[in-house]
Amino acid sequence: MKTLKQKIANYATQDLGLDDCRFTSADTSQFMEIYDLWLKAGRHGEMDYLLKHQDLKEHPEKLLSGVRSAIVVMKNYKSTHERRLAGNFKIARYAVGADYHAILAEKLNALADVLKKESPQAQCYCGVDSRPIPERSLGIQAGVGFLGKNTMLIKPGMGSYFYLGVVLTTVDFEPDAPLRWDCGSCRLCIDACPTQALLGDFQMDAAKCISYQTIEQKEPMSETQIRQAQGWIYGCDICQEVCPYNHDRIPLTNWSEFLPEAGVGFKFFEKAPDDLKEQDIPKTSPMHRSRRRIIPNFQLARRIESAKMKH
Ligand code: B12
Ligand code: SF4
Ligand code: SF4
8 MKTLKQKIAN
18 YATQDLGLDD
28 CRFTSADTSQ
38 FMEIYDLWLK
48 AGRHGEMDYL
58 LKHQDLKEHP
68 EKLLSGVRSA
78 IVVMKNYKST
88 HERRLAGNFK
98 IARYAVGADY
108 HAILAEKLNA
118 LADVLKKESP
128 QAQCYCGVDS
138 RPIPERSLGI
148 QAGVGFLGKN
158 TMLIKPGMGS
168 YFYLGVVLTT
178 VDFEPDAPLR
188 WDCGSCRLCI
198 DACPTQALLG
208 DFQMDAAKCI
218 SYQTIEQKEP
228 MSETQIRQAQ
238 GWIYGCDICQ
248 EVCPYNHDRI
258 PLTNWSEFLP
268 EAGVGFKFFE
278 KAPDDLKEQD
288 IPKTSPMHRS
298 RRRIIPNFQL
308 ARRIESAKMK
318 H
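In structure tokens, the structure reads:
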């Protein structure tokens, strides 16, 4: 007879097509001191929501009364075998397809529905990215992957190009074990980061990160920031491109929603003959939320590029 845990894991991977589903305690306390110190050092830049989320991340029972476990799922979004993206102006792999938030939220809701059917007392709270859930910490605890020096969760055999999603639940599941794995003496990502955002202690100074500057920073990027960004206009994948765990044998995603054809694609900032407008960024793209900031950054990057060509 299958246990409830096996039924849920099978439903997640076989019926819903997720790439992994693991379980852990909802007790997040072991990572919250790290989070607190990171915030106190001001590493979050202008992402004030991370401050507001602190209490809820530390006390998930305030999100869901009686919470006991976290179900952590992941989905591969790798959609090119190119190790280093070519082109003058680049968009991070996570954003080339359709917006993952809604797609994964639907899968998590379906998973929660099955759990409630099997265990009618169960209560659930689902989150993908934007809710106050410490997804990487829970992913580490559940053994979905290990924490790399580039601060990404890495799953050996799958690399780091994957999204995470979490179902918090009142059901008490037997926790899975964390992975015993690490980066060894490698430091390729730290050396490759053009802005020295990676601190070497599994943390980053987010304000220095190109991903932050292109997606989250409220002001348009400065000329210095654009010059350092090596052509990345939306997001940055440099510290993942150089990582040996993201090798060529990792398959591409088997969800068509995450392929470039389902979204703005890899050539979005290459092919536009005229300057892009906000309206060219569709609602179904993860870029839509930051559309106002993307256009001035792109225009400045193009001006700097053409000035270079003239010299
Ligand atoms: C804020 C945020 C960012 C910020 C800050 C990133 C960062 N490294 O902190 C910015 C805008 C820079 C960013 C960039 C990106 N992000 Co982001 N981001 C988030 C978000 C919303 C919160 C992360 C956070 O709280 N950071 C603060 C740090 C301190 O917390 P943390 O990352 O959770 O780290 C914990 C653990 O690592 C652990 N820990 C830390 N140090 C140590 C040391 C040891 C020894 C141990 C054992 C544990 C440990 O404790 C920490 C605190 O609890 C999460 C979604 C979520 N709700 O969690 C997505 C998320 C982390 N991002 C994601 C993605 C895909 C990206 C990008 C790849 C997008 C892109 N291509 O541009 C880049 C990657 C850049 C990078 N190298 O991290 C994915 C990561 C998937 C994965 N495989 O890890 C997430 C999980 C979203 C999702 N649902 O899929 N992001
Ligand atoms: S995403 Fe880019 S800027 Fe940010 S830490 Fe990685 S290499 Fe550095
Ligand atoms: S590049 Fe090397 S140090 Fe960085 S995350 Fe990958 S294995 Fe770890």
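My numbering puts the sequence shown at residues 8 to 318. Quick reminder that beta carbons are idealized off the backbone N, C-alpha and C, glycines included. A quick note: this is a predicted structure, and the numbers were derived from the prediction, not measured.
Do you know whose CA, among the options, lies nearest residue i's CA?
{"i": "L25", "options": "E65, I110, S36 and D43", "result": "I110"}
{"i": "L57", "options": "R298, P139 and P258", "result": "P139"}
{"i": "I147", "options": "N17, D282 and F38", "result": "F38"}
{"i": "T221", "options": "D120, L307 and T35", "result": "L307"}
{"i": "K284", "options": "N157, P293, T260 and F305", "result": "F305"}
{"i": "S218", "options": "E68, M294, K69 and E181", "result": "M294"}
{"i": "R309", "options": "N253, E68, K97 and I41", "result": "K97"}
{"i": "C193", "options": "L118, G155, A48 and D62", "result": "G155"}
So, under 8 Å CB-CB, residue i and residue j are touching, yes? Tell me the CB distance rounded to an integer number of Å.
{"i": "W239", "j": "K82", "result": "Between K82 and W239 the Cβ distance is about 23 Å, and since that is not below 8 Å, they are no contact."}
{"i": "A79", "j": "V173", "result": "Correcting the residue identity first, residue 79 is Val in this sequence and not Ala. At roughly 5 Å, the Cβ-Cβ gap stays under 8 Å, so V79 and V173 are in contact."}
{"i": "S86", "j": "R100", "result": "6 Å"}
{"i": "A314", "j": "G52", "result": "Incorrect: roughly 28 Å between the Cβ atoms, too far for contact."}
{"i": "G104", "j": "L266", "result": "6 Å"}
{"i": "Q277", "j": "N95", "result": "Reading off the sequence shown, one finds Glu at residue 277, where the question assumed Gln. The Cβ separation is near 7 Å, so the contact holds."}
{"i": "L205", "j": "N157", "result": "6 Å"}
{"i": "P141", "j": "K64", "result": "5 Å"}
For residue i and residue j, what's the separation of their Cα atoms in angstroms?
{"i": "G242", "j": "K9", "result": "42 Å"}
{"i": "P185", "j": "T31", "result": "9 Å"}
{"i": "T176", "j": "T20", "result": "18 Å"}
{"i": "R143", "j": "F209", "result": "12 Å"}
{"i": "L122", "j": "G73", "result": "16 Å"}
{"i": "R50", "j": "R300", "result": "21 Å"}
{"i": "K14", "j": "I302", "result": "47 Å"}
{"i": "Q237", "j": "K215", "result": "14 Å"}
{"i": "S137", "j": "A112", "result": "11 Å"}
{"i": "D198", "j": "D34", "result": "34 Å"}
{"i": "C196", "j": "M228", "result": "23 Å"}
{"i": "F169", "j": "M159", "result": "10 Å"}
{"i": "M54", "j": "H60", "result": "11 Å"}
{"i": "L171", "j": "E312", "result": "36 Å"}
{"i": "M211", "j": "W45", "result": "9 Å"}
{"i": "Y18", "j": "R29", "result": "12 Å"}
{"i": "G166", "j": "I257", "result": "7 Å"}
{"i": "L70", "j": "D43", "result": "19 Å"}
Which residues mark the beginning and the end of the beta strand (DSSP E) in which residue i is found?
{"i": "Y241", "result": "W239 to Y241"}
{"i": "L25", "result": "Note, L25: premise wrong, no beta strand (DSSP E); not H, not E."}
Do residue j and residue i have their beta-carbon atoms positioned less than 7 Å apart in this structure?
{"i": "C246", "j": "C200", "result": "yes"}
{"i": "K114", "j": "L11", "result": "no"}
{"i": "G152", "j": "K162", "result": "yes"}
{"i": "R91", "j": "E248", "result": "yes"}
{"i": "I288", "j": "R298", "result": "yes"}
{"i": "D244", "j": "H88", "result": "no"}
Name the two residues that bound the continuous alpha helix (DSSP H) containing residue i.
{"i": "L46", "result": "S36 to K47"}
{"i": "V121", "result": "Y107 to E125"}
{"i": "I301", "result": "R298 to K317"}
{"i": "S218", "result": "I217 to I222"}
{"i": "Y56", "result": "D55 to K59"}
Any beta carbon of chain B sitting closer than 7 Å to that of residue i?
{"i": "R143", "result": "Among the chains in the structure shown there is no chain B, since it carries only a single protein chain."}
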